[in-house]
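Here the protein sequences line up with chains Z and D, keeping their order.
Convert by adding 130 to the 1-based position in the first sequence; the result is the number in our numbering.
Convert by adding 6 to the 1-based position in the second sequence; the result is the number in our numbering.
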Amino acid sequence: MEDVGTRILAVEDDERIRSAVKLALEDEGWTVDEAESGEEAIEKFQRSNPDVVLIDIMLPGIDGFELCRTLRRTSDVPVVMVTARNDTHDVVAGLEAGADDYLTKPFAPKELSARIRALLRRIRPGAPGHARLSFGDLELIPDEGKVMRDGEEVHLTKTEFRLLCELAESPGKVLSREALLDKVWGYDYFGDGRLVDVHVRRLRTKVEADPANPRHVVTVRGLGYRLQT
Amino acid sequence: MNEGGWFRRLVNRSRPAALGLRRRILLIFTLGSLLLSLFLAITTFGLARSNLITERVDTAVTTSQRNAQGVERDLRSLPADAAVAQASLDRIGVEDYLIWYRNTWTGGAATFQNPDVPSALVTRVIEEGESASQIVRIGDELNVVVGWDVPGIGAYFEAFPLEEADSTLANVRLSLVLAAAITTGLGILLGIFAARRAVRPVGSAAQAASAIAGGRLDTRLEPTEDPDLRILTESFNDMAAALQQRVERDARFASDVSHELRSPLMTLSASVEVMEARRDELPERAQAALDLLSSDVTRFQGLVEDLLEISRFDAGAIRLHMEELLAAEFVRQAVAVSSLPDTPVEADERAELALIRGDRRRLARVIANLIDNARAYGGGEPEVSISVVNPDEEPISHLRIVVEDHGPGVPEEERDLVFERFARGGGAGRRTGSEGAGLGLSLVDEHVRMHGGRVWVEDRLDGESGARFVIELMATELDE
Numbered sequence: 131m132e133d134v135g136t137r138i139l140a141v142e143d144d145e146r147i148r149s150a151v152k153l154a155l156e157d158e159g160w161t162v163d164e165a166e167s168g169e170e171a172i173e174k175f176q177r178s179n180p181d182v183v184l185i186d187i188m189l190p191g192i193d194g195f196e197l198c199r200t201l202r203r204t205s206d207v208p209v210v211m212v213t214a215r216n217d218t219h220d221v222v223a224g225l226e227a228g229a230d231d232y233l234t235k236p237f238a239p240k241e242l243s244a245r246i247r248a249l250l251r252r253i254r255p256g257a258p259g260h261a262r263l264s265f266g267d268l269e270l271i272p273d274e275g276k277v278m279r280d281g282e283e284v285h286l287t288k289t290e291f292r293l294l295c296e297l298a299e300s301p302g303k304v305l306s307r308e309a310l311l312d313k314v315w316g317y318d319y320f321g322d323g324r325l326v327d328v329h330v331r332r333l334r335t336k337v338e339a340d341p342a343n344p345r346h347v348v349t350v351r352g353l354g355y356r357l358q359t
Numbered sequence: 007m008n009e010g011g012w013f014r015r016l017v018n019r020s021r022p023a024a025l026g027l028r029r030r031i032l033l034i035f036t037l038g039s040l041l042l043s044l045f046l047a048i049t050t051f052g053l054a055r056s057n058l059i060t061e062r063v064d065t066a067v068t069t070s071q072r073n074a075q076g077v078e079r080d081l082r083s084l085p086a087d088a089a090v091a092q093a094s095l096d097r098i099g100v101e102d103y104l105i106w107y108r109n110t111w112t113g114g115a116a117t118f119q120n121p122d123v124p125s126a127l128v129t130r131v132i133e134e135g136e137s138a139s140q141i142v143r144i145g146d147e148l149n150v151v152v153g154w155d156v157p158g159i160g161a162y163f164e165a166f167p168l169e170e171a172d173s174t175l176a177n178v179r180l181s182l183v184l185a186a187a188i189t190t191g192l193g194i195l196l197g198i199f200a201a202r203r204a205v206r207p208v209g210s211a212a213q214a215a216s217a218i219a220g221g222r223l224d225t226r227l228e229p230t231e232d233p234d235l236r237i238l239t240e241s242f243n244d245m246a247a248a249l250q251q252r253v254e255r256d257a258r259f260a261s262d263v264s265h266e267l268r269s270p271l272m273t274l275s276a277s278v279e280v281m282e283a284r285r286d287e288l289p290e291r292a293q294a295a296l297d298l299l300s301s302d303v304t305r306f307q308g309l310v311e312d313l314l315e316i317s318r319f320d321a322g323a324i325r326l327h328m329e330e331l332l333a334a335e336f337v338r339q340a341v342a343v344s345s346l347p348d349t350p351v352e353a354d355e356r357a358e359l360a361l362i363r364g365d366r367r368r369l370a371r372v373i374a375n376l377i378d379n380a381r382a383y384g385g386g387e388p389e390v391s392i393s394v395v396n397p398d399e400e401p402i403s404h405l406r407i408v409v410e411d412h413g414p415g416v417p418e419e420e421r422d423l424v425f426e427r428f429a430r431g432g433g434a435g436r437r438t439g440s441e442g443a444g445l446g447l448s449l450v451d452e453h454v455r456m457h458g459g460r461v462w463v464e465d466r467l468d469g470e471s472g473a474r475f476v477i478e479l480m481a482t483e484l485d486e
């Protein structure tokens with residue numbers, strides 16, 4: 131199953147943008163399904179089972195945030211959110227709704243393809259290295275893509291899992307936001323640190339007994355994050 | 007200048023006037039209290055003086071009357087001789103006296119001689135037979151000379167120095183001068199206080215106005231109960247509200263326009279990209295047209311992004327994500343993603359270890375814009391350098407990021423203008439390139455100022471032709 135079969139669901143209410151983006155993404159060799167509303171997107175999502183979903187947050191009917199939350203209830207499919215503004219509010223709300231990455235309009239389609247490629251790469255984390263990693267009540271099984279807490283499986287999105295794996299690679303060592311942006315999202319020096327912060331926050335709600343007082347994924351002020359037992 | 011400029015100038019202009027009012031009030035209070043206390047002092051002094059002298063004269067009259075009666079007694083007894091009267095006067099210690107007896111003056115001391123008696127007094131006492139007194143200056147001192155008629159025999163004159171009254175008056179004068187000085191001083195203090203109070207509303211209005219000029223458009227004056235000040239407060243607040251509304255409307259318009267532009271731009275850029283992927287299949291003329299289209303779509307995109315950022319500035323909606331950045335590393339990264347990624351970057355030793363606090367992506371935009379500018383107007387091969395402002399400083403406080411180009415430079419009179427929005431100076435052909443000046447440099451200016459730094463343009467220091475853009479930012483030393 132290589133890139134040949136990659137399906138992308140593009141949710142965008144502006145027909146012209148949708149068509150142009152579809153043309154550009156098809157040039158990458160991907161199959162693109164279109165949806166012009168959240169309702170249509172949910173229906174198509176169940177039918178075509180896409181590898182990546184592209185969601186514009188400004189949609190008629192249920193908006194992009196709501197659509198994203200709906201998809202997240204049943205799926206860990208990578209989601210790229212398209213925000214109208216680079217405002218903290220939209221970006222953070224999008225990420226908190228479960229998006230893996232975001233782009234601000236108008237973006238270059240090349241940038242979109244790069245983001246999608248990074249997400250696809252993330253789905254298949256390479257270099258397992260260890261069969262099992264243990265951090266107190268937390269257990270990581272990279273090969274199976276599983277995380278257990280107190281013996282029970284914790285459900286993580288692919289990006290959250292990848293983030294946890296990167297931190298687990300070097301336990302106790304501080305990874306800067308830039309390093310994590312590079313390793314997990316494939317961003318250069320100018321990636322958005324909020325991506326990391328929101329994902330860490332979401333990760334904590336799943337792997338920490340008390341997310342407000344994290345014991346595993348610890349913030350090191352001014353430097354970054356660290357995984358500890 | 008931004009739209010705050012005229013306003014700031016207005017506020018600055020009102021400042022000397024505010025001082026004038028304060029000085030005027032102070033002057034009125036000072037002069038008023040001075041005049042009033044002088045008037046009071048002089049009046050008091052006059053009253054005290056006349057009272058003292060009257061009292062002294064009364065004493066003199068009583069004393070001299072007694073002496074005159076003694077003299078009369080002596081002159082009426084036998085043998086009638088002035089010497090007898092003199093002897094009895096001397097006996098009781100009277101010194102300054104004169105006796106007019108049988109048309110001759112007798113008596114008199116060194117301090118009181120017959121010429122000292124004013125002729126008017128002589129006339130009144132001797133010729134008209136009255137008793138009278140007169141104040142005269144004898145030698146250096148004021149004296150009261152009292153003359154008694156001794157009916158049918160002669161007359162008796164006695165002088166009393168007023169020096170005692172003089173010294174009392176001197177004391178009174180001293181205390182009055184002191185009192186006047188204190189009153190005037192109090193008046194000045196009161197004046198300062200009153201002036202401050204009077205000017206306080208002006209001061210707070212000026213403060214509010216400069217806050218508004220500085221971008222805090224929601225600044226208002228506190229409502230007051232004072233009916234005189236309420237006019238000022240209310241009309242100021244109305245003005246501020248109108249200004250805020252207008253600025254916000256303008257900002258919203260710019261923001262709405264750029265939001266609206268983004269959807270078609272999105273379509274354009276995606277379509278152009280699809281065509282670019284098939285560039286080789288196009289005829290030559292279509293290729294040339296595609297290149298034009300594609301480069302202008304990119305430019306358009308940059309413009310819309312800049313416009314959005316500027317409208318965020320105007321709406322005061324910019325929130326910086328401040329981080330500690332290693333200055334030299336940051337600049338190298340920023341240059342690497344700019345339109346001329348091969349631009350050389352030099353950093354001096356201390357700048358290599360300097361930290362700046364800033365919004366990474368916005369500062370990167372600043373550098374990218376300066377490089378874009380150098381590419382468009384500066385001959386295309388800029389050099390970037392980072393240096394500590396004062397290398398001897400310990401610890402360092404500021405550093406400079408410099409972008410130099412090889413263009414015609416910026417003429418002196420356009421050096422502020424280039425940082426204005428859509429600035430297009432005429433001179434030196436600098437702004438005649440195909441890419442308009444747009445918003446790039448004005449964004450540089452706004453961003454740098456938001457970071458508490460400053461930016462300016464000057465001539466290259468090595469004497470070659472070209473512009474030198476300097477950004478000065480606060481910096482700290484990396485401590486390890």
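Every residue gets a Cβ at the ideal spot worked out from N, C-alpha and C, and that includes glycine.
Local conformation of residue i per DSSP, three classes
{"i": "I407(D)", "result": "strand"}
{"i": "T117(D)", "result": "coil"}
{"i": "W160(Z)", "result": "coil"}
{"i": "E478(D)", "result": "strand"}
{"i": "M188(Z)", "result": "coil"}
{"i": "V416(D)", "result": "coil"}
{"i": "F428(D)", "result": "coil"}
{"i": "R82(Z)", "result": "Limits of chain Z in this structure are 131 at one end and 359 at the other, which puts residue 82(Z) out of reach."}
{"i": "Y383(D)", "result": "helix"}
{"i": "Q358(Z)", "result": "coil"}
{"i": "E170(Z)", "result": "helix"}
{"i": "F166(D)", "result": "strand"}
{"i": "L445(D)", "result": "coil"}
{"i": "D143(Z)", "result": "coil"}
{"i": "S471(D)", "result": "coil"}
{"i": "S139(D)", "result": "strand"}
Minimum C-alpha distance to residue i - residue among the options
{"i": "W106(D)", "options": "D96(D), S94(D) and V77(D)", "result": "V77(D)"}
{"i": "E142(Z)", "options": "L333(Z), L189(Z) and R177(Z)", "result": "L189(Z)"}
{"i": "M245(D)", "options": "V128(D), D224(D) and E420(D)", "result": "D224(D)"}
{"i": "I477(D)", "options": "A217(D), L484(D) and G459(D)", "result": "G459(D)"}
{"i": "R55(D)", "options": "N177(D), V100(D), G38(D) and T239(D)", "result": "N177(D)"}
{"i": "L184(D)", "options": "R371(D), L44(D) and P350(D)", "result": "L44(D)"}
{"i": "G446(D)", "options": "R29(D), A380(D) and A200(D)", "result": "A380(D)"}
{"i": "V337(Z)", "options": "E296(Z), H285(Z), E299(Z) and Y319(Z)", "result": "H285(Z)"}
{"i": "S181(D)", "options": "P270(D), E290(D), M480(D) and L46(D)", "result": "L46(D)"}
{"i": "K152(Z)", "options": "G52(D), V278(D) and G415(D)", "result": "V278(D)"}
{"i": "P272(Z)", "options": "R345(Z), G266(Z), I147(Z) and E296(Z)", "result": "E296(Z)"}
{"i": "G228(Z)", "options": "A214(Z), R245(Z) and F195(Z)", "result": "F195(Z)"}
{"i": "E65(D)", "options": "I159(D), P167(D) and L314(D)", "result": "First, the amino acid is wrong: residue 65(D) is Thr here, not Glu. For the residues I159(D), P167(D) and L314(D), the minimum Cα distance to T65(D) belongs to P167(D)."}
{"i": "G363(Z)", "options": "N149(D), E329(D) and N243(D)", "result": "In the structure as shown, chain Z starts at 131 and stops at 359, and residue 363(Z) therefore has no counterpart that could be examined."}
{"i": "E420(D)", "options": "I377(D), G386(D), L376(D) and D465(D)", "result": "D465(D)"}
Nearest-angstrom Cβ-Cβ length linking residue i and residue j, presumed shorter than 8 Å
{"i": "E136(D)", "j": "D155(D)", "result": "6 Å"}
{"i": "S403(D)", "j": "R427(D)", "result": "With 8 Å as the limit, S403(D) and R427(D) do not qualify as a contact, their Cβ atoms being about 31 Å apart."}
{"i": "V461(D)", "j": "V454(D)", "result": "4 Å"}
{"i": "E164(D)", "j": "E147(D)", "result": "Actually they do not touch by this definition, with Cβ atoms about 15 Å apart."}
{"i": "D231(Z)", "j": "L325(Z)", "result": "7 Å"}
Chain B residues whose Cβ lies nearer than 7 Å to that of residue i
{"i": "K235(Z)", "result": "Given the protein chain composition of this structure (Z and D), no chain B is represented."}
Minimum length 4: unbroken alpha helix (DSSP H) runs contained in the stretch 58-122 of chain D: 88-97
At least 3 beta-carbon pairs within less than 8 Å: the stretch 340-353 of chain D vs the stretch 309-325 of chain D: no
Those runs of the alpha helix (DSSP H) which lie wholly inside the stretch 231-285 of chain Z and span at least 4 residues: 239-253
Three-pair Cβ contact test at 8 Å for the stretch 233-249 of chain Z versus the stretch 197-205 of chain Z: no
Three-pair Cβ contact test at 8 Å for the stretch 331-339 of chain D versus the stretch 382-392 of chain D: yes
Runs of alpha helix (DSSP H) wholly within the stretch 327-357 of chain D (minimum 4 residues, chain order): 333-342
4 or more residues per run - each alpha helix (DSSP H) lying fully within the stretch 233-301 of chain D: 233-283
Segment contact flag, the stretch 27-38 of chain D with the stretch 198-205 of chain D, C-beta cutoff 8 Å, min 3 pairs: yes
Segment contact flag, the stretch 355-374 of chain D with the stretch 284-299 of chain D, C-beta cutoff 8 Å, min 3 pairs: no
Three-pair Cβ contact test at 8 Å for the stretch 255-262 of chain D versus the stretch 223-243 of chain D: no
Segment contact, 8 Å Cβ cut-off, at least three pairs: the stretch 407-424 of chain D with the stretch 359-377 of chain D: yes
Touching by the beta-carbon criterion (3+ pairs, under 8 Å), the stretch 244-252 of chain Z and the stretch 312-319 of chain Z: yes
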